[in-house]
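Quick note on numbering: this note's numbering labels position 52 of the sequence shown as 35, and the sequence is numbered without any gaps.
Contents: one structure, followed by commentary.
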Amino acid sequence: MRSLHLGLDAPRTGPRQAVLALASAPLDWLDAHRGGFLHADEEVLLTDRLHARRRHGVLIGRYAAKCALAALRPDLDPRSLAIRPGVLEQPVLSGGSIDNLGISLSHAGPVAVAVAFPEACPMGIDLERIRPANVALLTRQTTAAERRNLATRLDAPEAERLTRLWCLKEALSKALRCGLTVPLELLAVGSVEARPPGFGVTFANFAQYQGLSLAAGDLAAALVLPRPPAVTLAVEPAEWESFRQALADAAAREPGE
Ligand SMILES: CC(C)(COP(=O)(O)OP(=O)(O)OC[C@H]1O[C@@H](n2cnc3c(N)ncnc32)[C@H](O)[C@@H]1OP(=O)(O)O)[C@@H](O)C(=O)NCCC(=O)NCCS
């Protein structure tokens, strides 16, 4: 497990903190240890009808989320906090004395990322495996301008470039709470610039948001949050690098490890 504190300089609300967490664990480990991090209201999500893959997703996503929350609010017992689906299937955090905190999470097999953030500063996160077999599909889900802009900034295989674009759109859809129920052109990526932890983007139709993309091994992740001047993110490049290394380690692990 790895967590990263995100300093948020927000002139309207004053400085705030968010925490990004990455976790990886096999299903049997999560099942054996779930009593240490699940709330009773989350336990009921684990019905017998759940496919093992979905059970793994629910558990690893909540484990990563509780790690992020524990780093942000070490005074709270993770078992006193519940993350349950809202009416749009969005994660809703309740319990403890969590004054207006939000959570976004994403799972890819045994790996998950989560971000715990002040609701004053909405965020979305996504994690995907980079698979060359998805190139044709992802090409259809991106515009020529998006592909061209990214290709001039990122010297990486096509599958990686396309997956990173996809993650950015999905992370934006979570920050907006709409999920991928809207035409994908609405979520289009605008400008691209090199910056830690990989590159940063703006969005063609949502000028108030920025996206950050990182990738390591066959995993790609994206974080979306409000952009300057609303929020300026303060994270040391070395901290980003250490988080990217944790992503590389998670990608290198066998699925069952
Ligand atoms: C959100 C979405 C893009 C995630 O897709 P995915 O690649 O399958 O899954 P990921 O692992 O990246 O993310 C899953 C997490 O996204 C979160 N999520 C789901 N819907 C969300 C939404 N509308 N807004 C923000 N986050 C959402 C959940 O926390 C979910 O994990 P959980 O179910 O274990 O709690 C996809 O599920 C989607 O488009 N959902 C919208 C569905 C919808 O609007 N339904 C309406 C029902 S009335």
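Using N, Cα and C, we set each Cβ at its ideal position, and we do this for glycine too.
Indicate the three-state DSSP secondary structure (helix, strand or coil) for F20 in the structure shown.
coil
Where S80 sits in the DSSP three-state scheme:
coil
Exposed or buried, S63, counting other C-beta atoms within 10 Å across all chains shown (16 or more means buried)?
exposed
Is the Cβ-Cβ distance between I66 and A48 less than 8 Å?
yes
Buried or exposed: where does H39 fall if 16 or more other Cβ atoms within 10 Å of its Cβ makes it buried?
buried
When every heavy atom of ligand 1 is checked, does at least one fall within less than 7 Å of the C-beta of H34?
no
Straight-line gap, F189 to A15 (C-alpha atoms, nearest Å):
42 Å
Given that a residue counts as buried once 16 or more other Cβ atoms are within 10 Å of its Cβ, and exposed if not, what is Q193?
buried
Mind checking whether L230 and L202 have CB atoms under 8 Å apart?
yes
Touch check for the stretch -10 to 10 and the stretch 100 to 118: three-plus C-beta pairs under 8 Å?
yes
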